[in-house]
Amino acid sequence: MKYLSLLESTGQMLTYKEKLQNLITSIKDLENQVDDNLQNALIKSSSIIKINKYIKEIGLMSETLKDLQHEDNSSVQKQLIKSLRRKIFESQTCLLEDTQKSMQKAVEAMSDTSNKMLLLAYFNRMVEALDKIDKKVEDG
12 MKYLSLLEST GQMLTYKEKL QNLITSIKDL ENQVDDNLQN ALIKSSSIIK INKYIKEIGL
72 MSETLKDLQH EDNSSVQKQL IKSLRRKIFE SQTCLLEDTQ KSMQKAVEAM SDTSNKMLLL
132 AYFNRMVEAL DKIDKKVEDG
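According to my numbering, the sequence shown is numbered sequentially starting from 12.
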């Protein structure tokens, strides 16, 4: 009888350990997915910062051109206009590249939705694992 009880206890401990491992695995999967989402957010914000920098530079160059409008030094004005055109072109190029990335990300949005559904499934697995652990603890 003691041997049978010992076997049952061992089986329950193994089941309990397996359920805990499932919970830990679910948590790690969730952490990895959230890390991926954070990385994508950082990449997106860096392009916005770059565009903002271009806009500020164009604004400063425009103010300088305005201040030089009454000067007789047209070569400086021409050089500044040339630099302004280059900076505007760089800004347009940056925006076009960002637009292209956005279009690619639109395609990836469906995958992202799928990943979020997967996250929900991981949470559900955690709840199920906790329910089973709770039941085992209550049953003794």
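Yeah, the Cβ is synthetic: ideal placement off N, Cα and C, and Gly gets one too.
C-alpha distance - residue i paired with residue j, whole-angstrom precision
i	j	result
L25	K64	59 Å
R97	I62	14 Å
K127	I54	19 Å
Q115	A52	15 Å
F100	K93	11 Å
Q88	T104	24 Å
F134	D47	17 Å
V118	I60	24 Å
S56	S102	16 Å
S86	L71	19 Å
D150	S125	37 Å
T21	A132	30 Å
H81	S73	14 Å
K39	S16	34 Å
Proximity of residue i and residue j at Cβ, strictly below 8 Å
i	j	result
S37	M121	no
I69	L95	yes
L34	A140	yes
Y27	K112	no
I144	L31	yes
L130	Q44	yes
S58	D109	yes
Integer Cβ distance of residue i from residue j, believed to fall under 8 Å
i	j	result
L76	L91	5 Å
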